[in-house]
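Chemist:
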Amino acid sequence: MKPAIAITMGEPAGIGPELALYAAWALRHEVRPLLIGDFGLFSRLAPSIDPEIRLKFTPSPNLLYGGVPDASGGLIPVLDCSLAAPVVAGVPDARNGRAMLEMLDLAIEGAKGGWFDAIVTAPLQKSTINEAGVAFSGHTEYLAEKTNTDKVVMMLADATPDNVHPLRVALATTHLPLKDVPAAITESGLGVTFNILQRDLQQRFGLPSPRILVTGLNPHAGENGYLGDEEISVISPAIEAAQQRGIDARGPYPADTLFQLRLLHEADCVLAMYHDQGLPVLKYVSFGHGVNVTLGLPFIRTSVDHGTALDLAVRGVGHADRGSMLAAVRMAAQMVAATRHNRIA
C-alpha cells in the first residue's frame with residue numbers, strides 16, 4: 027500500500043503552502059498525501075499551480091475510521107486548520123501564530139494515532155509564533171516536547187537524484203547560541219545520540235551497520251588539548267563507549283578536514299557538534315535537494331532544507347524551488363518502506 031503522508035502548510039505568508047500543495051499534487055501517484063492547513067488558502071492557490079487540482083475537505087473523524095483516501099484519482103484531502111487573519115504574501119501575522127501550532131498538533135495526533143505513516147513539514151517563521159506569545163525555537167524541539175521524547179537528533183540528508191553515496195549530517199546540538207554549545211555537549215548526551223543514530227539508520231534507512239564519523243568541537247579537534255579539551259574529556263570517551271556497544275563510531279576528526287570524499291565514502295553519517303559546523307557543507311552540496319529528518323521520534327518526520335522565503339512568496343506562485351519539498355516527501359516514503367520491511371523481517 028502506498029504510504030499515507032501528511033504535509034503541513036507551514037508559515038502561510040511564505041512559500042510553504044505552495045510547496046505543500048505542489049508536492050501533494052505531483053506525488054499523488056507515489057504516496058497518499060494529506061494536506062494540513064487552511065482549506066481556503068489552499069483552494070485559492072490551487073488554480074495557479076494546476077487548474078486540474080481538486081481539494082477535498084476532510085474532517086478528522088474520517089481519518090480515524092477510514093484512513094487517508096487515495097488521491098491518485100485527483101482529489102487531494104485537506105485537514106482544515108483555519109487561520110485567524112487574512113494572509114498577505116511575505117508579511118507574517120502574529121495572529122496566525124497559534125494556528126500554525128494547531129497544524130503541528132494535528133499532525134502529531136494523526137501520526138501517533140496511526141492515521142498516516144509520516145509527516146512532512148513546510149517551513150515555519152519562528153518569529154510569528156513567538157510574537158503570538160508562545161515560546162518556540164523550532165520544529166525539532168516542539169515535536170520532541172509534544173511527544174514526550176527526551177532526546178531527538180536533527181539530521182540533514184542529501185537527496186540529490188542518482189547520488190549513490192548521499193551525505194548525511196546529524197547534529198549533537200541544534201538551535202543554540204554558540205556560547206552555550208560546549209556545556210550542552212556531554213558524554214551521556216552523545217551516548218544517547220549514538221544510540222538514536224544507530225537505531226534509526228538501521229530501522230528507517232535500511233543500513234544494517236551504519237558507519238558514523240564524528241567531528242571534534244574545537245579547531246583541529248583540540249590539537250591534543252592545546253585548543254580545547256572537550257575532545258579528550260567528553261567526545262573521545264563517548265565514542266569509545268559507543269564502540270563497546272557495537273556502534274561503528276569513529277573520531278573525533280577535525281571538522282575542517284573531515285568533509286572530503288576520501289573519508290565521506292567510508293561513512294553513512296557524520297555527527298557534527300553544532301548547527302553551523304556541519305550544515306553549511308551539507309547545504310552547499312545539496313541545497314534544493316536536502317531533507318531535514320528528525321530522528322528519535324515515535325513517528326517519521328521530514329522537512330525541507332530551507333526557510334519560509336518570504337521574498338519569493340511576494341513574487342507569487344512558481345518562483346520557489348520545489349525540489350527540497352519533493353525530496354522530503356519521497357524520503358519519508360522511503361523511510362516508511364524501510365520501516366515496514368524491518369518489521370516484517
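Last residue of the sequence shown: 371 in the working numbering, with the numbers rising by one and none dropped. Cβ atoms here follow ideal geometry from the backbone N, Cα and C, with glycine treated the same way.
Could you tell me which residues DSSP pairs with M181 in its beta bridges?
Modeler: Counting from one through the sequence shown, the residue named residue 181 turns up at place 155. The partner list for M181 (beta bridge, DSSP) reads A196 and V319.
Chemist: Check for me: the alpha helix (DSSP H) holding K138 runs from which residue to which?
Modeler: The residue labelled residue 138 in the question sits at position 112 within the sequence shown. It spans G123 to G139 - the alpha helix (DSSP H) in which K138 sits, taken as one unbroken run.
Chemist: By a C-beta neighbour count over all protein chains shown, 10 Å radius and 16 as the cutoff for buried, is F83 buried or exposed?
Modeler: Looking up residue 83 in the sequence shown gives position 57. It is exposed - the Cβ of F83 has fewer than 16 other Cβ atoms within 10 Å.
Chemist: What is the rounded straight-line gap between the Cα of N368 and the Cα of H191?
Modeler: In the sequence shown, the residue the question calls residue 368 occupies position 342. In the sequence shown, the residue the question calls residue 191 occupies position 165. So the two alpha carbons sit approximately 22 angstroms from each other.
Chemist: In whole angstroms, what separates the C-alpha of A111 from that of L105?
Modeler: Here residue 111 corresponds to residue number 85 of the sequence shown, with the count starting at 1. Here residue 105 corresponds to residue number 79 of the sequence shown, with the count starting at 1. As the crow flies, the alpha-carbon of A111 is around 18 angstroms from that of L105.
Chemist: Given a threshold of 16 other Cβ atoms within 10 Å of its Cβ, counted over all protein chains shown, does G380 qualify as buried or as exposed?
Modeler: Lying outside 27 to 371, the shown extent of the chain, residue 380 is not represented and no answer is given.
Chemist: Inspect the beta-carbon positions of T241 and I41 and report whether they are closer than 8 angstroms.
Modeler: To locate residue 241, count along the sequence shown from 1; it is residue 215. To locate residue 41, count along the sequence shown from 1; it is residue 15. Contact flag unset, no.
Chemist: Helix or strand or just coil, what does DSSP make of K309?
Modeler: Within the sequence shown, numbered from 1, the residue matching residue 309 stands at position 283. Residue state for K309 is assigned as helix, using DSSP reduced to three classes.
Chemist: Might you give, ordered along the chain, the residues of its own chain that have their beta carbon closer than 6 angstroms to the beta carbon of R124, omitting 5 neighbours on each side?
Modeler: Position 98 of the sequence shown, counted from the start, is the residue given in the question as residue 124. The answer, listed in chain order, is A158.
Chemist: Spell out the partners DSSP gives F83 in its beta bridges.
Modeler: Locating residue 83 in the sequence shown gives position 57, counting from the first residue. The partner list for F83 (beta bridge, DSSP) reads V104.
Chemist: Please classify S329: does DSSP put it in a helix, a strand, or coil?
Modeler: Here residue 329 refers to the residue found at position 303 of the sequence shown. Here S329 sits in strand by DSSP.
Chemist: Straight-line CA distance for E292 to R194?
Modeler: Residue 292 sits at position 266 when you count from the first residue of the sequence shown. Residue 194 sits at position 168 when you count from the first residue of the sequence shown. Their Cα atoms are separated by approximately 12 angstroms.
Chemist: Counting only the same chain and skipping the five closest in sequence on each side, list residues whose C-beta sits under 6 angstroms from that of P95.
Modeler: Position 69 of the sequence shown, counted from the first residue, corresponds to residue 95. Taken in chain order, the residues that qualify are P103.
Chemist: Looking only at C-alpha atoms, which of K138, Y310, T154 and G99 sits nearest to A120?
Modeler: For the purposes of this step, residue 120 is taken as residue 94 along the sequence shown, with counting starting at 1. Per the Cα distances, T154.
Chemist: Does the distance from the CB of L47 to the CB of I75 come in under 8 angstroms?
Modeler: Position 21 of the sequence shown holds residue 47. Position 49 of the sequence shown holds residue 75. Result yes, Cβ atoms of L47 and I75 sit closer than 8 angstroms.
Chemist: Buried or exposed: which applies to Y300, given that a residue is buried once 16 or more other Cβ atoms fall within 10 Å of its Cβ?
Modeler: Locating residue 300 in the sequence shown gives position 274, counting from the first residue. Result: buried.
Chemist: State the start and end residues of the unbroken beta strand (DSSP E) segment that holds T34.
Modeler: The residue given as residue 34 occupies position 8 in the sequence shown. Taken as a continuous stretch (DSSP letters only), the beta strand (DSSP E) holding T34 covers A30 to T34.
Chemist: Let me know if L204 comes out buried or exposed under the rule of 16 or more other beta-carbons within 10 Å of its beta-carbon.
Modeler: Counting from one through the sequence shown, the residue named residue 204 turns up at place 178. Classification for L204: exposed.
Chemist: Measure the alpha-carbon distance for L132 versus Y252 and round it to whole angstroms.
Modeler: What you label residue 132 is simply residue 106 of the sequence shown in a count that begins at 1. What you label residue 252 is simply residue 226 of the sequence shown in a count that begins at 1. Using only the alpha carbons, I get a separation of about 50 angstroms.
Chemist: Assuming L223 and A196 make a contact with CB atoms under 8 angstroms, what is their CB distance in whole Å?
Modeler: Here residue 223 corresponds to residue number 197 of the sequence shown, with the count starting at 1. Here residue 196 corresponds to residue number 170 of the sequence shown, with the count starting at 1. Rounded, the Cβ-Cβ distance is 6 angstroms, consistent with contact.
Chemist: Given that a residue counts as buried once 16 or more other Cβ atoms are within 10 Å of its Cβ, and exposed if not, what is T283?
Modeler: On the sequence shown, position 257 is the one that residue 283 refers to. Classification of T283: exposed, given that the 10 Å Cβ count is below 16.
Chemist: Tell me whether the beta-carbon of A52 lies closer than 8 angstroms to the beta-carbon of L352.
Modeler: For the purposes of this step, residue 52 is identified with residue 26 of the sequence shown, where counting begins at 1. For the purposes of this step, residue 352 is identified with residue 326 of the sequence shown, where counting begins at 1. Cβ atoms of A52 and L352: closer than 8 angstroms.
Chemist: So, for Q229: in the same chain, excluding its five sequence neighbours on each side, which residues have a beta-carbon less than 8 angstroms away from its beta-carbon?
Modeler: What you label residue 229 is simply residue 203 of the sequence shown in a count that begins at 1. Hits under 8 angstroms: A364, T365 and N368.
Chemist: In the DSSP assignment, the alpha helix (DSSP H) including V207 goes from what residue to what residue?
Modeler: In the sequence shown, residue 207 corresponds to position 181, counting from 1. Looking at the DSSP string, the run of the alpha helix (DSSP H) that includes V207 is V207 to A210.
Chemist: Should the region 305-315 be regarded as contacting the region 178-189, the criterion being three or more beta carbon pairs within less than 8 angstroms?
Modeler: Enough Cβ pairs lie closer than 8 angstroms, so yes.
Chemist: Should G99 go down as buried or exposed, given a rule of 16 or more other Cβ atoms within 10 Å for buried?
Modeler: Counting from one through the sequence shown, the residue named residue 99 turns up at place 73. Looking at its Cβ environment, which holds fewer than 16 other Cβ atoms inside 10 Å, G99 is exposed.
Chemist: Out of H201, S86, D274 and L109, point me to the one whose CA is closest to A32's CA.
Modeler: In the sequence shown, the residue the question calls residue 32 occupies position 6. Among H201, S86, D274 and L109, the Cα nearest to that of A32 is on S86.
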